[in-house]
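A quick write-up on the structure given underneath.
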Amino acid sequence: MPLERFYKLPEARRAELLRIALHEFTEKGIEGASLNAILAKAGLSKGAYYYYFVDKEDLFTAVAEDLYDRLEAQLPPLLPRQPVSAEEFWPSLEQTFSAWLMAACKFPELLGAFRQLSQQLRASPRLAPMLRRRQEEQFRSVIQLGRKLGCVRTDLPVELLVSLMVVSDSVLDEALVANRKTLSEAVVRKHARVVFDTYQRLLRP
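For reference, each letter of the sequence shown is one residue, going 1 to 205 in full-length UniProt numbering.
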């Protein structure tokens, strides 16, 4: 993670550096990306860079976190804002997953960058936990709410169910994002149904 002082930079300056770095990372990957090229385009010296970051992976982490934050800001919440009953839990979740995927597909460039960075994150022992943490927090909340309502199985540990959802999510997302430039509303809705059916089979008692 970046050093805390990075977040004290003016917002516009942070955004400029992250935008330049995102382009470099999505084009060349974390290994191929040139830190010198990023710094030259951003007008930042190496001395100044190491005042805010320990290494290139720190910058990559900041870029990934910012990208996920921007994508999530465009999407509806995974959990309903209002309490739901046992009868409403699964229909509400299905509606939410469908709305989430429909909204996500309105931002193909963000999705493309998300895919590129996610692949690199999963391949890095140091960075992979960051991606999993964000996914796990959301899925854990769904499972815990479902259990309170008696809608989610209790014969398996919560963390095992979370892990199963993370793996399923990664595989299903990869299939959708790979075809992001040719997606139609009908295709996305069909995919949303597959996602929901998969989660329901994993979680239902």
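By construction, the Cβ of each residue, glycine as well, lies at the ideal position given by its N, Cα and C atoms.
None of the values given here were measured: they were computed from a predicted structure.
Simplified DSSP state of VAL54, which is helix, strand or coil: coil
Reduced DSSP category for VAL171 - H, G, I as helix; E, B as strand; rest coil: helix
Residues near ARG189 in its chain [Cβ-Cβ closer than 7 angstroms; skip 5 each side]: SER98
Limits of the unbroken alpha helix (DSSP H) element including VAL188: 185 to 203
Straight-line Cα distance separating ALA40 from LYS46: 9 angstroms
Sequence-distant residues of its chain with Cβ nearer than 8 angstroms to MET102 (five each side left out): GLU185, VAL188, ARG189, ALA192
Between the CA atoms of LEU202 and residue 206 - distance to the nearest angstrom: Because residue 206 is not part of the residues shown, which for the chain are 1 to 205, the question remains open.
Helix, strand or coil at ASP155 according to DSSP, with G and I counted as helix: coil
Bounding residues of the alpha helix (DSSP H) (the contiguous stretch that carries ALA21): 11 to 32
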